[in-house]
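Participant: This is the structure I have questions about; it appears just below.
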């Protein structure tokens, strides 16, 4: 899986909108991609995964309540190959390893959700400061699978976008029979309701 992919396949989208030919494949694929990115914006995150482990850089912040340094990170669902280093002297080589930390939320894995923070424990031999981009995290970021709820929301939004072809001026229905309806330029209300639990508040650098 790639970072920020389409959250359903073309075949799934065609089945959802009840299309059984290939005449509109290009338009359906474009709508599917646009719907996937709309879900990203609505949730303030994405649901793909980096293809391989990579380095990403974050800024630690002191949490007064925990009395710990906390590092907000991109969504993370695997600890395979995970390492955390800090650039102690500002040289850019990130040579000092943070060796004692806790991934949070603590029950994320049990709930099928990603970790979003690294909390540095007092036992760590290296303690970060608040240097911007001073923490290097090496790992495979993102979601290991697209949640079914996100896929369903994407298909619903794809259908909504495709319906705009028949209402180019943003108006559906007919004034003659009293069914005229203006399509507002916003996320489908059912989609917004469906993805709301996945919204992320975060401040990763």
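Numbering (our numbering), first residue to last: 535 to 739. Don't be surprised by glycine CBs; every beta carbon is placed ideally from N, CA and C.
(1) Here's the rule: buried if 16 or more other CB atoms are within 10 angstroms of the residue's CB, otherwise exposed. What is residue 555?
(2) By how many angstroms is the C-alpha of residue 604 removed from the C-alpha of residue 656?
(3) Among 537, 568 and 648, which has the Cα closest to the Cα of residue 692?
(4) Which residues in the same chain have their Cβ closer than 7 Å to the Cβ of residue 690, if we skip the five residues on either side of it in sequence?
(5) Grouping DSSP H, G and I as helix and E and B as strand, with all else coil, what is residue 557?
(6) Give the secondary structure of residue 568 by DSSP, where H, G and I count as helix, E and B as strand, and everything else as coil.
(7) Would you say residue 624 and residue 665 are within 8 Å of each other, going by their C-beta atoms?
(8) Can you tell me where the alpha helix (DSSP H) with residue 670 in it begins and where it stops?
(9) Considering Cα atoms alone, identify which of 662, 670 and 542 is closest to residue 685.
(10) With DSSP as the reference, label residue 602 as helix, strand or coil.
(11) If you draw a straight line from the alpha carbon of residue 588 to that of residue 551, how long is it in whole angstroms?
(12) What runs of the beta strand (DSSP E), each 3 residues or longer, lie entirely inside the segment 569 to 598?
(13) CA-CA distance, residue 650 and residue 537?
(14) Measuring only between beta-carbons, confirm whether residue 679 sits less than 8 Å from chain D.
(15) Count the other C-beta atoms from every protein chain shown that fall within 10 angstroms of the C-beta of residue 639, then say buried if there are 16 or more, exposed otherwise.
(16) Taking all protein chains shown into account, do 16 or more other C-beta atoms lie within 10 angstroms of the C-beta of residue 619, making it buried, or fewer, making it exposed?
(17) At which residue ranges does the segment 609 to 694 contain complete beta strand (DSSP E) runs of 3 or more residues, listed in the order of the chain?
(18) Kindly indicate which residue of 654, 653 and 647 has the alpha-carbon position closest to the one of residue 677.
(19) Less than 8 Å between the beta carbons of residue 680 and residue 591, yes or no?
(20) Is it right to say residue 635 is buried, meaning 16 or more other beta carbons lie within 10 angstroms of its own, or is it exposed?
Facilitator: Concretely, from the data shown:
(1) exposed
(2) 12 Å
(3) 568
(4) Closer than 7 Å at the Cβ level, and outside the excluded window around residue 690, lie 722, 724 and 725.
(5) It is coil, neither helix nor strand.
(6) helix
(7) yes
(8) Segment 669 to 673 is the beta strand (DSSP E) holding residue 670; no alpha helix (DSSP H) there.
(9) 542
(10) Of the three classes helix, strand and coil, the one that applies to residue 602 here is strand, per DSSP.
(11) 38 Å
(12) 588 to 592 and 595 to 597
(13) 16 Å
(14) The structure shown contains no chain D; it is built from a single protein chain.
(15) Residue environment for residue 639: exposed (fewer than 16 other C-beta atoms within 10 angstroms of its C-beta).
(16) buried
(17) 617 to 620, 635 to 638, 649 to 654 and 669 to 673
(18) Comparing alpha carbon positions, the residue from 654, 653 and 647 closest to residue 677 is 647.
(19) no
(20) buried
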